[in-house]
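Working notes, beginning with the structure itself.
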Ligand SMILES: Nc1ncnc2c1ncn2[C@@H]1O[C@H](COP(=O)(O)OP(=O)(O)OP(=O)(O)O)[C@@H](O)[C@H]1O
Ligand SMILES: [Mg+2]
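In our numbering, the protein residues as written are 2 to 317.
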């Protein structure tokens with residue numbers, strides 16, 4: 002059976018402008034040859050330091066950033082990347098939930114308008130639209146009387162539920178959640194995570210879950226992909242990767258997670274992510290285990306269930 006969503010060697014580039022007429026002088030490759038598969042009812046977490054390309058990848062998945070090269074398959078069917086109609090179909094099937102529940106809902110619109118907009122766009126008959134809105138509102142655990150209210154009348158957690166409700170209006174197969182719990186306090190975070198897991202089971206939703214929080218990732222996700230400078234460096238089952246990280250970058254990332262154990266302070270991953278000038282591994286300038294080959298040869302992502310992009314692992 003084919004995956005719900007598949008990316009093959011996808012690149013996303015931002016034009017860098019300069020000069021007198023602000024012309025494109027170069028491109029920044031924010032996502033570099035990323036491949037991933039997402040199965041039905043599966044939660045794939047994407048982790049990595051700030052600026053590694055997580056949000057760019059999320060935006061490319063829902064058509065908010067153009068894909069420069071590579072293939073995008075939805076239920077085994079390739080999406081024609083240049084076709085507006087193809088993207089219209091993708092946007093119904095793959096919906097995004099944004100990080101900030103405060104700015105992602107229009108403050109001037111009542112909840113009923115916010116939720117009915119995607120249905121009006123699809124020209125859904127009014128009776129069916131009302132049924133769908135009530136069904137979704139119940140699924141995210143909000144009362145019926147929410148419909149006549151404005152976003153400012155809700156708490157942060159409730160607004161995030163509304164963001165999820167809006168994403169569910171088109172009955173998508175995939176939700177792309179970009180840091181959806183990072184603006185919420187811990188107890189509300191737990192409620193939103195529980196809701197996502199319930200929705201995954203009830204609607205057989207597949208979820209791409211972007212987060213900085215390793216504990217949240219371990220609680221919720223089935224698989225995890227570790228990104229660094231636009232590339233995937235490690236991928237595998239969530240417990241395998243988090244309990245036995247193979248790539249020196251993943252090891253550093255996990256060791257830098259703060260804990261409540263004051264006797265054991267986190268080890269900060271030193272240095273800053275910057276593209277190496279040579280042809281070697283992207284992580285070479287910060288890697289304590291790097292050998293001379295790592296500066297010269299770019300490793301490929303090897304493995305099937307458990308993938309690692311590291312020369313030191315490839316040799317074993
Ligand atoms: N609109 C844009 N124009 C040009 N460059 C951009 C744009 N958005 C992001 N970038 C660059 O692309 C790279 C990836 O950024 P992105 O926002 O995808 O990272 P991220 O992993 O989501 O970071 P964070 O964890 O801080 O949200 C960064 O180098 C960033 O500076
Ligand atoms: Mg981001």
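All residues carry an ideal CB built from backbone N, CA and C; glycine is no exception. As the structure is a prediction and not an experimental result, all values here were calculated from the model.
Asked, Found
"According to DSSP, residues forming a beta bridge with residue 210", "46, 178"
"Proximity to residue 56 [Cα-Cα], best of 238, 215, 237, 210", "210"
"Bridge-paired residues (DSSP) for residue 38", "7"
"Residue 56 Cβ short of 7 Å to ligand 2 heavy atom set", "yes"
"Of the residues 244, 105, 19, the one placed nearest residue 224, counting alpha carbons only", "244"
"Extent of the continuous alpha helix (DSSP H) run through residue 141", "First-last for residue 141: undefined, no H or E at that position."
"Sequence-distant residues of its chain with Cβ nearer than 7 Å to residue 147 (five each side left out)", "112, 138"
"Same chain, Cβ closer than 6 Å to residue 29, five either side skipped, listed in chain order", "15, 17"
"Straight-line Cα distance separating residue 99 from residue 155", "17 Å"
"Extent of the continuous alpha helix (DSSP H) to which residue 164 belongs", "157 to 169"
"Per-residue DSSP class, three states only, for residue 199", "helix"
"Where residue 279 falls, given that 16 or more other Cβ within 10 Å makes a residue buried", "exposed"
"Minimum C-alpha distance to residue 54 - residue among 230, 169, 256, 80", "230"
"Contact test: residue 180 Cβ vs ligand 2 heavy atom, cutoff 7 Å", "yes"
"Nearest neighbour of residue 102, chosen from 67, 193, 130 [CA to CA]", "193"
"Residue 1 versus residue 189 - alpha carbon distance", "With the chain covering 2 to 317 only, the question about residue 1 has no answer from this structure."
"Environment of residue 317 [buried if 16+ CB atoms lie within 10 Å]", "The pLDDT assigned to residue 317 is 49, lower than 50, so where the model puts this residue is not dependable, and the model offers no usable value."
"Secondary structure, beta strand (DSSP E): runs of 3+ residues fully inside the stretch 213 to 243", "224 to 229, 232 to 238"
"Backbone CA spacing between residue 311 and residue 226 [nearest angstrom]", "14 Å"
"Counted within 10 angstroms of its Cβ, other Cβ atoms place residue 47 as buried (16 or more) or exposed", "buried"
"Residue(s) in a DSSP beta bridge with residue 78", "75"
"Beta-carbon gap between residue 196 and residue 165 smaller than 8 Å", "yes"
"Rounded Cβ spacing between residue 198 and residue 234 (contact assumed at less than 8 Å)", "The Cβ separation is near 27 Å, so there is no contact."
"Residue 24 in three-state terms, based on DSSP", "strand"
"Distance cut-off 7 Å: residue 295 Cβ against heavy atoms of ligand 1", "no"
"Status (buried if at least 16 other CB within 10 Å, exposed otherwise) for residue 133", "buried"
"Between the CA atoms of residue 66 and residue 31 - distance to the nearest angstrom", "11 Å"
"Proximity to residue 187 [Cα-Cα], best of 106, 61, 217", "217"
"Within 8 Å, strictly: CB atoms of residue 308 and residue 203", "no"
"Bounding residues of the beta strand (DSSP E) (the contiguous stretch that carries residue 96)", "95 to 98"
"C-alpha distance - residue 7 paired with residue 38, whole-angstrom precision", "4 Å"
"Residue 296 to residue 90 span [Cα, whole Å]", "43 Å"
"Anticipated Cβ contact below 8 Å, residue 270 with residue 257, distance rounded", "5 Å"
"Extent of the continuous alpha helix (DSSP H) run through residue 57", "55 to 62"
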